[in-house]
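**Q** My structure is below; once you've seen it, I'll send some questions.
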Amino acid sequence: MVRRSGRAVLTPAQHAFGIRRAVSGSRCRIRRGVLTCIVDLQPTPVSRRYTVRITHRPPLDPVVEVIAPVLRLHPGAQGLPHVYTDGRLCLYEPGEWKTDMPVASSILPWASEWLFHYEIWLVTGAWTGGGDWPSVDQEHLGAAIADNDPGRASQLAATVTDPPTSVA
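In the working numbering, each residue carries its 1-based index in the sequence shown increased by 78.
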């Protein structure tokens with residue numbers, strides 16, 4: 079464990095151990111300090127199985143993508159709810175995930191919960207998972223913060239607006 083800005087930063091190996099322990103059959107590798115895990119999640123006993131990829135380079139936030147099956151849209155929907163334009167799942171509010179939180183006990187359950195709400199949305203067209211919908215400006219703001227570019231971050235922060243939170 080490494081300390082950064084007073085907070086513990088769990089190592090990729092610690093995260094990989096936790097993920098493998100939490101979900102049997104998980105496949106994790108660490109290359110150049112970047113953890114990549116392929117995990118099968120099934121939100122409920124009657125749900126289908128989803129294969130997700132978790133990529134994490136501490137101390138940055140983990141990235142979660144569904145790689146199989148291809149996520150479908152609710153009829154009439156313009157896009158998937160709570161998904162960034164690059165396909166990453168929107169699982170938590172900015173700053174909600176902390177570097178001392180194990181991916182296995184935070185990101186994995188949040189991804190499973192996202193998939194649960196996705197299945198409801200697919201049938202009803204209503205997102206029941208709550209939260210804020212990421213806008214393009216919020217995505218760029220997050221990238222500027224992650225890239226440690228305070229000038230760009232403050233410029234983008236002034237343009238962020240509140241996006242819609244559900245699809246009808």
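Every residue gets a Cβ at the ideal spot worked out from N, C-alpha and C, and that includes glycine.
#1: Distance, Cα to Cα, residue 98 vs residue 104?
#2: Who pairs with residue 105 in a beta bridge, going by DSSP?
#3: For the alpha helix (DSSP H) that residue 100 lies in, which residues bound it at each end?
#4: Count the other C-beta atoms from every protein chain shown that fall within 10 angstroms of the C-beta of residue 96, then say buried if there are 16 or more, exposed otherwise.
#5: Are the beta-carbon atoms of residue 197 and residue 166 separated by less than 9 Å?
#6: Nearest to residue 89 by CA position, among 100, 134, 146, 122, is which residue?
#7: Quick one: Cα of residue 200 to Cα of residue 150, how far?
#8: Does the distance from the C-beta atom of residue 114 to that of residue 194 stay below 9 Å?
#9: Under three-state DSSP, which class holds residue 191?
#10: On the criterion of 16 or more Cβ atoms from any shown chain inside 10 Å, does residue 139 qualify as buried, or is it exposed?
#11: What did DSSP end up calling residue 129 once you bin it into helix, strand or coil?
#12: Take the Cβ of residue 153 as the centre, count every other Cβ of all protein chains shown within 10 Å, and call the residue buried at 16 or more, exposed below.
#13: Could you work out which residue in 111, 131, 137 is closest to residue 176 when comparing CA atoms only?
#14: Fully enclosed by the region 149-214, which alpha helix (DSSP H) runs are 4 residues long or longer?
#15: Give the range of the beta strand (DSSP E) segment to which residue 144 is assigned.
#16: Is it buried or exposed for residue 172, if we count other Cβ within 10 angstroms and need 16 for buried?
**A** Reading off the structure:
#1: Approximately 5 Å, taken between the alpha carbons.
#2: DSSP lists 116 as the beta-bridge partner residues of residue 105.
#3: According to the DSSP assignment, residue 100 belongs to the alpha helix (DSSP H) that extends over 90-100.
#4: The residue is buried, with at least 16 neighbouring Cβ atoms inside 10 Å.
#5: No, the Cβ-Cβ distance between residue 197 and residue 166 is not below 9 Å.
#6: Ranking the options by Cα distance to residue 89, first place goes to 134.
#7: Spanning the two alpha carbons is a distance of roughly 8 Å.
#8: Cβ atoms of residue 114 and residue 194: not closer than 9 Å.
#9: Here DSSP, grouped into helix, strand and coil, assigns residue 191 to helix.
#10: Residue 139 comes out buried.
#11: Per DSSP, reduced to three states, the secondary structure at residue 129 is strand.
#12: Classification for residue 153: exposed.
#13: Closest option to residue 176, Cα to Cα, is 137.
#14: 185-202, all fully within the region 149-214.
#15: Residue 144 -> beta strand (DSSP E) spans 141-146.
#16: With fewer than 16 other beta carbons inside 10 angstroms of its own, residue 172 counts as exposed.
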